[in-house]
């Protein structure tokens with residue numbers, strides 16, 4: 001069997017596996033998590049809403065500046081936070097452990113370092129308040145101080 | 154089995170430290186607050202592995218009796234000078250069979266300026282973006298498998314594939330409903346230490362890589378979690394060889410031969426991530442030829458095309474458990490596919506255990522068919538056609554990292 005034939009065969013098998021797994025994976029995702037967490041930004045960030053894909057790009061640091069050129073300063077909650085787990089699963093479409101693996105790749109290949117992590121909502125609020133271009137997420141009932149809540153589409 | 158030297162003891166010490174620090178969460182070591190000029194982010198890892206193979210030695214000498222010559226150490230520092238400007242350095246030492254021997258080297262170092270989302274530049278010694286995982290070949294904590302599929306990420310070609318010294322232009326373009334494009338272009342050179350093969354009558358008097366250039370384009374498709382793309386790379390190896398220089402009874406006068414070896418590689422890649430499941434597959438062809446100034450002494454060989462491919466699946470069954478399976482195949486010469494020496498099939502299964510957030514253990518088994526991926530020098534110089542065609546490898550590896 002040539003490598004090309006083996007590749008096509010394996011990719012076909014993988015595609016079938018994917019179709020089998022995909023619906024259940026989707027079903028396990030939380031529904032729209034308006035109550036689970038709030039996405040907050042520094043009051044100087046000129047956006048009212050963000051689509052989920054853009055939010056993913058921000059927290060994986062694929063994009064590093066807002067449309068007006070301002071540098072983005074994302075902030076994460078600690079990995080063991082249930083809010084972090086919900087946000088990561090819902091927005092980044094993967095587990096916290098998978099995101100950790102992503103950052104291991106980025107760190108040790110010299111590409112980038114992950115956003116700072118904070119143990120409590122109020123720490124995230126404080127960080128976002130004090131960094132122009134700041135963005136973070138906190139639990140649904142958290143006090144957001146001077147930050148602005150943006151809608152996730 | 155070789156006795157551990159000082160660096161091996163460092164590996165053991167770091168791993169022991171990880172073992173006795175169960176509850177401490179893993180973080181970067183930050184020297185100074187994030188916004189202060191004194192702030193430097195520090196990360197490190199240490200790995201110790203064990204290789205046991207059946208019938209054929211693999212990656213290291215005497216693996217048929219078990220070998221601990223499978224160690225890695227790395228420490229990196231990253232400093233954000235401004236919001237757009239970063240510098241970084243990683244020191245790396247490895248011992249894998251005949252390579253590494255704990256010689257500490259700069260794995261990468263760079264100056265990185267990000268102008269916009271779609272344009273950034275890096276200069277220094279930077280990892281080569283080739284395929285999905287080339288940049289993380291030596292990052293055990295970033296993946297489930299101990300060995301990435303060796304058809305496309307061969308350990309023995311690490312010197313030529315991992316990093317280049319020069320420049321890189323990169324960026325990310327948000328295509329909105331059409332997804333996003335992650336791209337990079339690079340060019341520079343590769344510095345390679347050459348060693349004289351034992352018993353050789355030919356002496357390499359100079360060796361350099363006049364250029365390496367390439368690029369990668371990855372499309373984050375609108376289908377959530379699916380990215381596809383391609384990478385290309387071209388380089389040339391130039392060598393001057395003094396033929397007959399070390400043969401005391403050679404009847405001929407030593408002669409210098411110039412050899413040029415142009416190499417071209419491309420790989421097509423696809424990866425799908427859905428929650429805890431990651432599926433990936435890559436297909437690649439590498440083209441190698443050589444041109445010599447004196448074909449009577451050092452004959453030119455016809456251009457050779459090798460074919461490589463793999464498909465891999467990983468699934469995080471629990472926060473502490475991640476199984477991985479893959480099938481990898483490599484034909485070193487597409488015109489000769491028959492015979493054990495002309496193919497390497499590799500079926501691999503791994504269990505990764507995350508013992509805590511900065512310490513992991515992996516168990517991995519390989520069923521191999523063919524000997525094209527075997528180094529004859531690790532097997533008594535025997536021809537590949539005479540080695541066992543069906544063989545196996547067991548790997549155990551533990552890594553501490555933060």
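Chains as they are written, first to last, in this note's numbering: chain A, 1 to 153; chain B, 154 to 555.
Just so it is clear, CB atoms sit at the ideal spot from N, CA and C, and this is done for glycine as well.
Just so you know, these numbers come straight off a predicted model, no measurement behind them.
- By the Cβ rule, the stretch 371-387 of chain B does not count as touching the stretch 230-245 of chain B, because fewer than three pairs are nearer than 8 Å.
- Between residue 487 (chain B) and residue 460 (chain B), the gap from beta carbon to beta carbon is short of 8 Å.
- Contact check for residue 118 (chain A) against residue 78 (chain A) passes: the beta carbons are separated by less than 8 Å.
- In this structure, the CA atom of residue 320 (chain B) is about 12 Å from the CA atom of residue 282 (chain B).
- Contiguous beta strand (DSSP E) elements confined to the stretch 374-422 of chain B occur at 379-396, taking only those with 3 or more residues.
- In the three-state reduction of the DSSP assignment, residue 103 (chain A) falls in the helix class, which pools H, G and I.
- Within chain B, the residues 428, 429, 469 and 472 have their CB atoms less than 9 Å from the CB of residue 95 (chain A), given in chain order.
- Shown here for residue 527 (chain B): same chain residues with a beta carbon closer than 7 Å to its own, the five before and five after excluded, namely 209, 211, 537 and 540 in chain order.
- Following the DSSP letters along the chain, one finds residue 125 (chain A) inside the alpha helix (DSSP H) bounded by residues 121-130.
- Contact note: residue 519 (chain B) does not reach chain A at a C-beta cutoff of 8 Å; the least C-beta distance is about 16 Å.
- Using a 10 angstroms sphere on the CB of residue 448 (chain B), the tally of other CB atoms stays under 16, which defines it as exposed.
- Residues of the stretch 478-501 of chain B with a C-beta atom less than 8 Å from some C-beta of chain A are 480, 482, 483, 484 and 490, listed in chain order.
- Contact of residue 62 (chain A) with chain B by beta-carbon distance below 9 Å involves 270, 325, 327, 333, 335 and 373.
- For residue 265 (chain B), the number of other beta carbons within 10 angstroms of its own is at least 16, and it is reported as buried.
- DSSP places residue 451 (chain B) outside any beta strand (DSSP E), giving it a letter other than H or E.
- Residues of the stretch 438-451 of chain B whose Cβ lies closer than 8 Å to any Cβ of chain A: none.
- Using a Cβ-Cβ cut-off of 8 Å, residue 263 (chain B) is close to 110 of chain A, given in chain order.
- Straight-line measurement puts the Cα of residue 455 (chain B) at about 23 Å from the Cα of residue 408 (chain B).
- Put simply, the CB of residue 101 (chain A) is near chain B, with a gap under 8 Å to one of its CB atoms.
- A straight-line Cα-Cα distance of about 43 Å links residue 273 (chain B) and residue 529 (chain B).
- In the three-state reduction of the DSSP assignment, residue 330 (chain B) falls in the helix class.
- In the three-state reduction of the DSSP assignment, residue 83 (chain A) falls in the helix class, which pools H, G and I.
- When secondary structure is reduced to three states using DSSP, residue 53 (chain A) falls in the helix class.
- Only those residues of the stretch 200-228 of chain B whose C-beta falls short of 9 Å from the nearest C-beta of chain A are listed: 227.
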